[in-house]
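Presented below is the structure to which this report refers.
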Amino acid sequence: MDPSVSPYGPLRADQPDLDAYLAADEVIDHLHPAVVERAAALRQADPVATAETVFGFVRDRIDHSADVGHWSAAYRASDVLAAGNAICHGKSHLLAALLRANGIPAGLCYQRLEVLHGLNGVLLPGSSWWVRLDGRGNRNGADGQFATTPASEQPAWANDPALGEHHYPTVYAATPPVLLEGLRRARPGGVGFDYLPSELPGAA
1 MDPSVSPYGP LRADQPDLDA YLAADEVIDH LHPAVVERAA ALRQADPVAT
51 AETVFGFVRD RIDHSADVGH WSAAYRASDV LAAGNAICHG KSHLLAALLR
101 ANGIPAGLCY QRLEVLHGLN GVLLPGSSWW VRLDGRGNRN GADGQFATTP
151 ASEQPAWAND PALGEHHYPT VYAATPPVLL EGLRRARPGG VGFDYLPSEL
201 PGAA
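In terms of UniProt numbering, the sequence shown opens at residue 1 and continues consecutively.
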């Protein structure tokens, strides 16, 4: 098996400069003191071990809102950390922030399901391959696992091609505007995903 070949298709960065995947912005705000503190607490001696520890923290310690019935509407990384729960997009923003705070390039990836699902693309130290990591949280049938190669990727949800489900091939350095617009409409306590787009317009 070729370790560079993902069963979900190849990933490509949308930005040529790797620094874009280490930068802080309004959503992936990894310069926030609470994010800096948590990133340091999760740091291991080996950077791959750090990535796995960060992944496990976001997947297992930050609840998915739908799983626990607490809808924080948080999407900014620091707000997700404070709230302790978010939908998949908020969790992916926190995972990217904690990885970037530890010097590991990380971006945002998407899967077309009934609504747009968010996960991450990560460039692990010493690797030339972007790898999908899905920290959604393993409840209600989800089964996302840590991976170090594209061939070993295991997102939370499988695709049903008959329903048009698929993984997008792009690793975004920042949240796409159409998604960010939707996330800003969410309100604490609001149940469901009706503010999310079902797909990324113009994306393959």
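For every residue, glycine included, the Cβ atom is placed at its ideal position computed from N, Cα and C.
Proximity below 9 Å, CB of residue i to CB of residue j
{"i": "Glu114", "j": "Leu163", "result": "yes"}
{"i": "Ala142", "j": "Ala156", "result": "yes"}
{"i": "Gly84", "j": "Ser92", "result": "no"}
{"i": "Leu31", "j": "Gly121", "result": "no"}
{"i": "residue 205", "j": "Leu133", "result": "This structure cannot settle anything about residue 205, because the visible part of the chain is limited to 1 through 204."}
{"i": "Ser6", "j": "Pro150", "result": "yes"}
{"i": "Asn138", "j": "Asp60", "result": "yes"}
{"i": "Val171", "j": "Ala51", "result": "no"}
{"i": "Ala86", "j": "His64", "result": "yes"}
{"i": "Gly107", "j": "Val58", "result": "no"}
{"i": "Ile62", "j": "Leu22", "result": "no"}
Top-ranked residue by Cα proximity to residue i, from the options
{"i": "Arg112", "options": "Leu196, Val5, Leu133, Ala97", "result": "Leu196"}
{"i": "Ala34", "options": "Glu199, Leu81, Trp130", "result": "Leu81"}
{"i": "Thr175", "options": "Ser6, Thr50, Gln15", "result": "Gln15"}
{"i": "Phe55", "options": "Pro177, Leu42, Glu37, Leu200", "result": "Leu42"}
{"i": "Val48", "options": "Arg38, Gly103, Asp17, Tyr21", "result": "Gly103"}
{"i": "Arg100", "options": "Asp63, Ala39, Gln44, Ala158", "result": "Ala39"}
{"i": "Asp17", "options": "Ala173, Pro201, Arg136, Asp2", "result": "Ala173"}
{"i": "His70", "options": "Gly189, Ile28, Asp46, Ala24", "result": "Gly189"}
{"i": "Gly202", "options": "Ser152, Glu26, Val178", "result": "Val178"}
{"i": "Asp29", "options": "Ala45, Gly90, Met1, Asp2", "result": "Gly90"}
{"i": "Leu98", "options": "Glu37, Asp19, Ser128, Cys88", "result": "Glu37"}
{"i": "Val191", "options": "Cys109, Leu200, Glu181, Ala66", "result": "Ala66"}
Chain-order list of residues whose beta-carbon lies under 6 Å from that of residue i (same chain, five-residue window excluded)
{"i": "Leu123", "result": "Pro105, Trp130"}
{"i": "His167", "result": "Tyr8, Gly9, Gln111"}
{"i": "Pro3", "result": "Thr149, Ala151"}
{"i": "Phe193", "result": "Val115"}
{"i": "Val27", "result": "Arg76, His93, Thr175"}
{"i": "Glu165", "result": "Arg112, Leu113, Asn159"}
{"i": "Cys88", "result": "His117, Gly118, Arg136"}
{"i": "Arg185", "result": "Tyr195"}
{"i": "Ala20", "result": "Ala173"}
{"i": "Met1", "result": "Ala151"}
{"i": "Ala24", "result": "His30, Leu31"}
Close Cβ partners of residue i (< 8 Å) along its chain, the five nearest in sequence each way excluded
{"i": "residue 247", "result": "Residue 247 lies beyond the residue range present for the chain, which begins at 1 and ends at 204; the question has no answer from this structure."}
{"i": "Ala187", "result": "Per the sequence presented here, residue 187 reads as Arg, with Ala not at that position. Same-chain partners within the cutoff: Ala73."}
{"i": "Ser198", "result": "Arg112, Glu114, Val115, Leu116"}
Beta-carbon proximity list for residue i, same chain, < 7 Å, skipping 5 on both sides
{"i": "Pro169", "result": "Gly9, Pro10, Leu11, Arg12, Ala204"}
{"i": "Val68", "result": "Asn85"}
{"i": "Gln44", "result": "Thr50, Thr53"}
**Message:** I want to know whether the segment 113-133 touches the segment 69-80 - three or more CB-CB distances under 8 Å.
**Reply:** no
**Message:** Which complete alpha helix (DSSP H) runs does the UniProt domain "Transglutaminase-like" (43-132) hold, if anything under 4 residues is left out?
**Reply:** 47-61, 65-68, 77-83, 88-101
**Prompt:** Which parts of the segment 2-43 are runs of the alpha helix (DSSP H), unbroken and 4 residues or longer, counting only runs that do not cross its ends?
**Reply:** 33-42
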